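K.L.:
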Amino acid sequence: MPSPRAARPLTRATTRRLATATGGGAITRTVLPGGLRVVTETMPGVRSASVGVWVPVGSRDETVALAGTSHFLEHLLFKGTATRSALDIAGVMDDVGGEFNAFTEKEHTCYYATVLDRDVDVALEIVGDVVLNATVAARDVDVERGVVLEEISMRDDDPSDLVHDEFAAALFGDTPLGRPILGTEESIHALTRRQVAGYYRRRYTTDSMVVAVAGNIEHGDVVRHVRRVFGERLDPGAAAQSARPADGDTAGSTARPAEAIRVVADDTEQANLLLGCHGLSRHDPRRYALGVLSSALGGGMSSRLFQRVREERGLAYSVYSYTSAFADAGQFGVYAGCQPGKADEVLSIMLAELDAVAGGALDAAEVERGKGQMRGALVLGLEDTGSRMTRIGKSETAYGDILGLDDVLAEIDAVTPDDVAAVATDVLHRPRCLTVVGPFGEHDFDSAV
Numbered sequence: 001m002p003s004p005r006a007a008r009p010l011t012r013a014t015t016r017r018l019a020t021a022t023g024g025g026a027i028t029r030t031v032l033p034g035g036l037r038v039v040t041e042t043m044p045g046v047r048s049a050s051v052g053v054w055v056p057v058g059s060r061d062e063t064v065a066l067a068g069t070s071h072f073l074e075h076l077l078f079k080g081t082a083t084r085s086a087l088d089i090a091g092v093m094d095d096v097g098g099e100f101n102a103f104t105e106k107e108h109t110c111y112y113a114t115v116l117d118r119d120v121d122v123a124l125e126i127v128g129d130v131v132l133n134a135t136v137a138a139r140d141v142d143v144e145r146g147v148v149l150e151e152i153s154m155r156d157d158d159p160s161d162l163v164h165d166e167f168a169a170a171l172f173g174d175t176p177l178g179r180p181i182l183g184t185e186e187s188i189h190a191l192t193r194r195q196v197a198g199y200y201r202r203r204y205t206t207d208s209m210v211v212a213v214a215g216n217i218e219h220g221d222v223v224r225h226v227r228r229v230f231g232e233r234l235d236p237g238a239a240a241q242s243a244r245p246a247d248g249d250t251a252g253s254t255a256r257p258a259e260a261i262r263v264v265a266d267d268t269e270q271a272n273l274l275l276g277c278h279g280l281s282r283h284d285p286r287r288y289a290l291g292v293l294s295s296a297l298g299g300g301m302s303s304r305l306f307q308r309v310r311e312e313r314g315l316a317y318s319v320y321s322y323t324s325a326f327a328d329a330g331q332f333g334v335y336a337g338c339q340p341g342k343a344d345e346v347l348s349i350m351l352a353e354l355d356a357v358a359g360g361a362l363d364a365a366e367v368e369r370g371k372g373q374m375r376g377a378l379v380l381g382l383e384d385t386g387s388r389m390t391r392i393g394k395s396e397t398a399y400g401d402i403l404g405l406d407d408v409l410a411e412i413d414a415v416t417p418d419d420v421a422a423v424a425t426d427v428l429h430r431p432r433c434l435t436v437v438g439p440f441g442e443h444d445f446d447s448a449v
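Residue numbers (UniProt numbering): 1 to 449.
1) Figure out for me which residue from 403, 280, 383 and 346 has the closest Cα to the Cα of residue 46.
2) Return the first residue and the last residue of the alpha helix (DSSP H) that residue 322 is part of.
3) Give me, in chain order, the residues of the same chain whose beta-carbon lies closer than 6 Å to that of residue 77; leave out the 5 immediate sequence neighbours on both sides.
4) For a test of the three-state rule: what should DSSP assign to residue 133, helix, strand or coil?
5) Going by DSSP in three states, residue 99 sits in which element: helix, strand or coil?
6) Can you find a CB in chain D that lies within less than 8 Å of the CB of residue 67?
7) Nearest CA to the CA of residue 125: which residue from 274, 138, 96 and 146?
8) Whose CA, out of 269, 275, 342 and 224, lies closest to the CA of residue 260?
9) If you run the structure through DSSP and keep just helix, strand and coil, what is residue 382?
10) Just curious, the beta strand (DSSP E) that residue 112 is in, first and last residue?
11) Consult DSSP for residue 17 and reduce its assignment to one of helix, strand or coil.
12) Going by the beta-carbon positions, is the gap between residue 484 and residue 147 smaller than 8 Å?
13) Quick check on the DSSP output: what are the complete beta strand (DSSP E) runs of length 3 or more inside the region 20 to 55, in order along the chain?
14) So, are the CB atoms of residue 435 and residue 262 less than 8 Å apart?
15) Return the chain-ordered list of same chain residues with a C-beta closer than 6 Å to the C-beta of residue 441, the five sequence neighbours on each side being excluded.
16) Do residue 388 and residue 138 come within 8 Å of each other at the CB atom, strictly closer than that value?
17) Under the assumption that residue 290 contacts residue 298 (Cβ atoms under 8 Å), give the Cβ distance between them as a whole number of angstroms.
18) Please list, in chain order, all residues of the same chain as residue 145 whose beta carbon is under 8 Å from its beta carbon, the five residues on each side excluded.
19) According to the Cβ coordinates, are residue 283 and residue 329 closer than 8 Å?
20) Might you give, ordered along the chain, the residues of its own chain that have their beta carbon closer than 6 Å to the beta carbon of residue 178, omitting 5 neighbours on each side?
21) Compute the Euclidean distance between the alpha carbons of residue 342 and residue 407, then round it to the nearest angstrom.
22) Please classify residue 415: does DSSP put it in a helix, a strand, or coil?
23) So what does DSSP say about residue 274, is it helix, strand or coil?
24) Starting from residue 152, follow the beta strand (DSSP E) in both directions and report where the run begins and ends.
25) Leaving out the 5 sequence neighbours to the left and right, which residues in its chain are closer than 8 Å to residue 58 when beta-carbon positions are compared?
26) Under the three-state reduction of DSSP, which class applies to residue 160: helix, strand or coil?
27) Give a yes or no on whether the C-beta atoms belonging to residue 185 and residue 149 are separated by under 8 Å.
28) Taking only runs of the alpha helix (DSSP H) that begin and end inside the region 321 to 370, which ones reach a length of at least 4 residues, in chain order?
29) DSSP on residue 403, reduced to helix/strand/coil?
30) Can you tell me whether residue 87 is buried or exposed, with buried defined as 16 or more other CB within 10 angstroms of its CB?
31) Consult DSSP for residue 85 and reduce its assignment to one of helix, strand or coil.
32) Counting Cβ pairs closer than 8 Å, one from the region 338 to 355 and one from the region 309 to 326, do we hit at least three?
33) Could you check if residue 48 is buried or exposed, using at least 16 other CB atoms within 10 Å of its CB as the buried criterion?
34) Check the C-beta distance from residue 225 over to residue 120 and give it rounded, since I have them as a contact under 8 Å.
35) In the DSSP assignment, what residue or residues form a beta bridge with residue 212?
36) Have a look at residue 18 and residue 368 and give me their C-alpha separation to the nearest angstrom.
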């Protein structure tokens, strides 16, 4: 679905305070001419700031021919701009003791830097220049192609990472959500400089971007710096529309996985098991209840899976459940890594616990504990400027709005045992998908799910 944006190009800036931030600061948004959004969270008690430019472009925006382009482009943007070489960029950040990095996900890419509060203008200058003015030179494409291919090899050599990509492929099939963010060796070898540069020109438009800053800053100062850095790109006439490819559509709760069972034969010391199903989209109001369910099932040391698999039987070191939410789809999964000879026993426990929770086995105490896990993970994960910047930037990019922390905590507090039972009945009764990476044959798990 298209990213949130203004209904028509703006010709003047609009500013609105959205919420009171934890610690007494403020969360504020300004929409500049052309649609560029600037969101800030003031944190008066710190001496640093984190700057992020969020682009609503990820692997879900790619056709088959462009698989891996979003991540490849993320690498290339660090190679130089019209006025700065890669060494110049690194040197400026080193001069102020800053950190500069980026990441690509299914539905967005973020370029971010953390600096001392006095150097926010430097961070905005560098991050903005990289995002807006990358050269995407042919030589850099050839050099970075090798780096990305090495990254794919590293992923393939890590079965606990590979199993998640294989699970997405089995669940969503040959759609952008089912393809790996890194692309494949074949797609990366085939990408040309012209394809990557064209993707950059079409997708990286300021009308859909979000600049997020958190730390010891003033909103007005940040907006002035952004105006200076983005300059002529704020022209309302420069806005460009971009839509996801048609094969990005993903079925919802009634969909069956593309594959019920996927076994990736690999001569590993451990079996990596991932069992799950289609989940909820990020717009589904039941997502908080599903998060509580996941926490109670496999989110902490007292959770059902941790107790049954690790504490009581010593079958695995790592076992957990998780949810992932996208614009119109989601996934729910349970993971465990164990010795190959114990895979059948671990899988039987995973299936039994999913069946029990689907039937309403979670009691009120487990639900309350799950809520506590969610509250703790949320609040304790917001102790630094980088996590605050990520929260407001990702929220603005995904929803076109930012819920205050107290509002999110209130949503968690409002979840009842009946809410959890209802979402368990729906989600955990959906057709399941099992993915296994380890020393197994193709048909070793044919009767598992």
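Using N, Cα and C, we set each Cβ at its ideal position, and we do this for glycine too.
If you're wondering where the values come from, they're calculated on a predicted model, not measured in any experiment.
P.N.:
Let me lay it out:
1) Stepping through the sequence shown from its first residue, residue 46 is reached at position 46. Closest in C-alpha terms to residue 46, from the list 403, 280, 383 and 346, comes 383.
2) As a working note, residue 322 is residue 322 in the sequence shown. Segment 316 to 325 is the beta strand (DSSP E) holding residue 322; no alpha helix (DSSP H) there.
3) Working through the sequence shown from its first residue, we reach residue 77 at position 77. The residues are 130 and 134.
4) Taking the first residue of the sequence shown as 1, we reach residue 133 at position 133. The answer is helix: DSSP assigns residue 133 an H, G or I state.
5) Translated into positions along the sequence shown, residue 99 becomes position 99. Secondary structure at residue 99: strand, using DSSP grouped into helix, strand and coil.
6) Within the model displayed, chain D is absent; a lone protein chain is all it includes.
7) The residue labelled residue 125 in the question sits at position 125 within the sequence shown. Nearest C-alpha to residue 125: 96.
8) Start at 1 with the first residue of the sequence shown, and residue 260 comes out as number 260. Among 269, 275, 342 and 224, the Cα nearest to that of residue 260 is on 275.
9) On the sequence shown, position 382 is the one that residue 382 refers to. In the structure shown, the three-state DSSP call for residue 382 is coil.
10) Indexing the sequence shown from 1 puts residue 112 at position 112. It spans 109 to 116 - the beta strand (DSSP E) in which residue 112 sits, taken as one unbroken run.
11) What you label residue 17 is simply residue 17 of the sequence shown in a count that begins at 1. The answer is strand: DSSP assigns residue 17 an E or B state.
12) For residue 484 there is no data in the structure shown, the boundaries of the chain being 1 and 449.
13) With a minimum length of 3 residues, the continuous beta strand (DSSP E) runs that stay inside the region 20 to 55 are 26 to 31, 37 to 42 and 48 to 55.
14) Stepping through the sequence shown from its first residue, residue 435 is reached at position 435. Stepping through the sequence shown from its first residue, residue 262 is reached at position 262. In this structure, residue 435 sits near residue 262, with a CB-CB distance shorter than 8 Å.
15) Position 441 of the sequence shown holds residue 441. Taking C-beta separations shorter than 6 Å and ignoring five residues to either side along the sequence, residue 441 has no partners in its chain.
16) Indexing the sequence shown from 1 puts residue 138 at position 138. Indexing the sequence shown from 1 puts residue 388 at position 388. Taking 8 Å as the cut-off, the beta carbon of residue 138 is found no closer than this to the beta carbon of residue 388.
17) Here the question's residue 290 lines up with position 290 in the sequence shown. Here the question's residue 298 lines up with position 298 in the sequence shown. Contact between residue 290 and residue 298 fails: their C-beta atoms lie close to 13 Å from each other, not under 8 Å.
18) By 1-based counting over the sequence shown, the position of residue 145 is 145. Only residues of its own chain outside the window of five on either side were considered, and among them 72, 188, 189 and 191 have a CB closer than 8 Å to the CB of residue 145, listed in chain order.
19) For the purposes of this step, residue 283 is taken as the residue at position 283 of the sequence shown. For the purposes of this step, residue 329 is taken as the residue at position 329 of the sequence shown. With a cutoff of 8 Å on beta-carbon distance, residue 283 and residue 329 are scored as not near each other.
20) The residue you call residue 178 lines up with position 178 of the sequence shown. Non-local beta-carbon contacts of residue 178 in its own chain, meaning distances under 6 Å to residues more than five positions away in sequence, involve 168, 169 and 172 in chain order.
21) In the sequence shown, the residue the question calls residue 342 occupies position 342. In the sequence shown, the residue the question calls residue 407 occupies position 407. Residue 342 and residue 407: Cα-Cα distance of roughly 44 Å.
22) Position 415 of the sequence shown, counting from 1, holds the residue named residue 415. It is coil, neither helix nor strand.
23) Position 274 of the sequence shown, counting from 1, holds the residue named residue 274. Here residue 274 carries a strand assignment [DSSP, helix/strand/coil].
24) Here the question's residue 152 lines up with position 152 in the sequence shown. Annotation for residue 152: no beta strand (DSSP E) segment contains it, though the alpha helix (DSSP H) segment containing it runs 138 to 156.
25) As a position in the sequence shown, residue 58 is number 58, starting the count at 1. Answer for residue 58: 70, 104, 105, 106, 107, 108, 109 and 181, listed in chain order.
26) Sequence index remark: in the sequence shown, residue 160 carries index 160 (1-based). Looking at residue 160 - three-state DSSP - the assignment turns out to be helix.
27) Here residue 185 is taken as the residue at index 185 of the sequence shown, counted from 1. Here residue 149 is taken as the residue at index 149 of the sequence shown, counted from 1. Yes, the Cβ-Cβ distance between residue 185 and residue 149 is below 8 Å.
28) If we require 4 residues or more, the alpha helix (DSSP H) runs fully inside the region 321 to 370 come out as 343 to 358.
29) Within the sequence shown, the letter at position 403 stands for residue 403. It is coil, neither helix nor strand.
30) Here residue 87 refers to the residue found at position 87 of the sequence shown. When all chains shown are included, residue 87 counts as exposed.
31) Locating residue 85 in the sequence shown gives position 85, where the first residue counts as 1. It is a strand residue.
32) Touching, yes, given that three or more Cβ pairs across the two stretches are closer than 8 Å.
33) Along the sequence shown, one-based indexing puts residue 48 at 48. Counting the other Cβ atoms within 10 Å of the Cβ of residue 48 gives 16 or more, which makes it buried.
34) Indexing the sequence shown from 1 puts residue 225 at position 225. Indexing the sequence shown from 1 puts residue 120 at position 120. About 7 Å separates the CB atoms of residue 225 and residue 120; that is less than 8 Å, so the two are in contact.
35) Numbered from 1 along the sequence shown, position 212 holds the residue referred to as residue 212. DSSP output for residue 212 lists 39 and 52 as bridge partner(s).
36) Against the sequence shown, residue 18 aligns to sequence position 18. Against the sequence shown, residue 368 aligns to sequence position 368. Residue 18 and residue 368 have their C-alpha atoms roughly 29 Å apart.
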